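Contents: one structure, followed by commentary.
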Amino acid sequence: MTDTINKPIIEFSNVTKRFGILTVLDQFNFSVAQGEKVTLIGPSGSGKSTVLRILMTLEPFQEGRLTLADTSYHEERGKGPFQASERHLREIRKHVGMVFQSFNLFPHMTVLRNVVEAPVRVLGMARAEAEARAIELLDMVGLADKKDHYPVQLSGGQQQRVAIARALAMRPRVLLFDEPTSALDPQLVGEVLSVIRGLAHEHDLTMLLVTHEMRFAREVSDRVCFFDKGRICEQGSPEEIFGTPKQERTREFLSSVL
Ligand code: ADP
Ligand code: MG
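Heads up: the sequence shown begins at 1 in full-length UniProt numbering, then just goes up one per residue.
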């Protein structure tokens, strides 16, 4: 029983990621348990987005192994990127949804179609069923009445809430958020955080969140990881990391952002 609860759903083992001569992750090890809500904090350029992008299969890596929900693949030294088979990548992608800083909605599609399109095309869901589910999700993020609008007609906060509904429409087991409120005007941050806060109560959903909203991180995370220069420099409960950080680097970082 405990075994199933604590089983990692995400596991990086000795993952090395380079961009040309720049090594961003050097033998990186990191795992997240099913249902766990984990926040990555840390300075800009430290590799946080790279971790999420590798998980979303948007970036190949050079060495090591990535396991996600029992699908595992590795990139072997010297063989170059994307040795993983397309089948493996598809299998991984099926379980993961991602919400980006810049919303990334399809500008030429209505809100409803933005949410409906992937389940229909990728999962082969019947359009009527996908629409019914999309309306439920839009209702959950408070935007059912905007279903026939185009992204350009919405505020940034509303667009980001649609992006969250769109990610959820694929029924991911893991949801990744890369600074979901960084591009928003301050008065729009709250509405997006409140949707994410609601998701954090979903027991089975695994969440990995990169954010600079420290109060929010403290409130929703089971675990906070302070990430610096491609490694987890310190991790612990929000109380430990924000209350009694042990590493000097963590203290410096927190005093620069709080
Ligand atoms: P963070 O999200 O913590 O700010 P990133 O993961 O975006 O950090 O970036 C980590 C490092 O990798 C940075 O030095 C960044 O400049 C570099 N980097 C990220 N993406 C690319 C890319 N596509 N090509 C080259 N360098 C990149
Ligand atoms: Mg980033």
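We put the beta carbon where it would ideally sit given N, CA and C, even for glycine. Just so we're clear, the structure is a prediction, and the values are computed from it rather than from any experiment.
Quiz item: Quick one: what's C225 bridged to in DSSP?
Solution: L40, Q235.
Quiz item: Helix, strand or coil: how does DSSP classify G78 here?
Solution: Unreliable placement is indicated for G78, whose pLDDT of 47 sits below 50; the coordinate value is still reported in the next sentence. DSSP places G78 in coil when its eight states are reduced to three.
Quiz item: So, is I21 buried or exposed, given that buried needs 16 or more other C-beta atoms within 10 angstroms?
Solution: exposed
Exercise. Pull up the distance between the alpha-carbon of V24 and that of V15, whole angstroms please.
Key: 10 Å
Exercise. Quick one: measure Cβ to Cβ for residue 308 and L52, integer angstroms, because I've assumed they're closer than 8 Å.
Key: This structure leaves residue 308 out entirely; the chain is present only between 1 and 258.
Quiz item: In terms of residue numbering, what span does the alpha helix (DSSP H) encompassing Q153 cover?
Solution: Careful: Q153 lies outside any alpha helix (DSSP H) and carries neither H nor E.
Quiz item: What do you reckon, are the CB atoms on L105 and V96 nearer than 9 Å?
Solution: no
Quiz prompt | Classification of L123 by the beta-carbon crowding that lies within 10 angstroms, buried from 16 upward | solution = exposed
Quiz item: Are there three or more Cβ pairs, one per stretch, closer than 8 Å when the region 32-51 is compared with the region 152-167?
Solution: no
Quiz item: Just curious, the alpha helix (DSSP H) that L138 is in, first and last residue?
Solution: 127-140
Exercise. With the ligand GTP as the reference, list in chain order each residue whose Cβ lies under 5 Å from any of its heavy atoms.
Key: This structure lacks the ligand GTP; its bound ligands are the ligand ADP and the ligand MG.
Quiz prompt | Distance between beta carbons of L175 and residue 284, contact taken as under 8 Å | solution = Only positions 1 to 258 of the chain appear in the structure, and residue 284 is not among them; the question remains open.
Quiz prompt | chain B contact for L168 (CB, 9 Å cutoff) | solution = Of the protein chains in the structure, only one exists, and it is not chain B.
Exercise. May I ask which residues mark the beginning and end of the alpha helix (DSSP H) holding Q27?
Key: Not the alpha helix (DSSP H): Q27 falls in the beta strand (DSSP E), residues 22-33.
Quiz item: Taking contact to mean at least 3 C-beta pairs separated by less than 8 Å, is the region 225-244 in contact with the region 56-76?
Solution: no
Quiz prompt | Host beta strand (DSSP E) of E11 (start-end) | solution = 8-19
Quiz item: Nearest CA to the CA of T39: which residue from I135, I241, H149, S256?
Solution: I241
Self-check item: As assigned by DSSP and simplified to three states, the class of G97
Solution: Residue state, collapsed to three classes: strand.
Quiz item: What's the gap between the Cα of E191 and the Cα of H212?
Solution: 16 Å
Quiz item: In terms of residues, what are the limits of the alpha helix (DSSP H) holding M214?
Solution: Per DSSP, M214 belongs to the alpha helix (DSSP H) from 214-220.
Quiz item: Anyone know if the C-beta pair for F226 and Q247 falls short of 9 Å?
Solution: yes
Quiz item: Does DSSP classify E63 as helix, strand or coil?
Solution: In the displayed model, E63 falls within a strand according to three-state DSSP.
Self-check item: Option in S255, N114, S46 with minimal Cα separation from R161
Solution: N114
Quiz item: Sorted by chain position, which residues of the same chain lie with C-beta nearer than 6 Å to F216's C-beta, five sequence neighbours on each side aside?
Solution: L193
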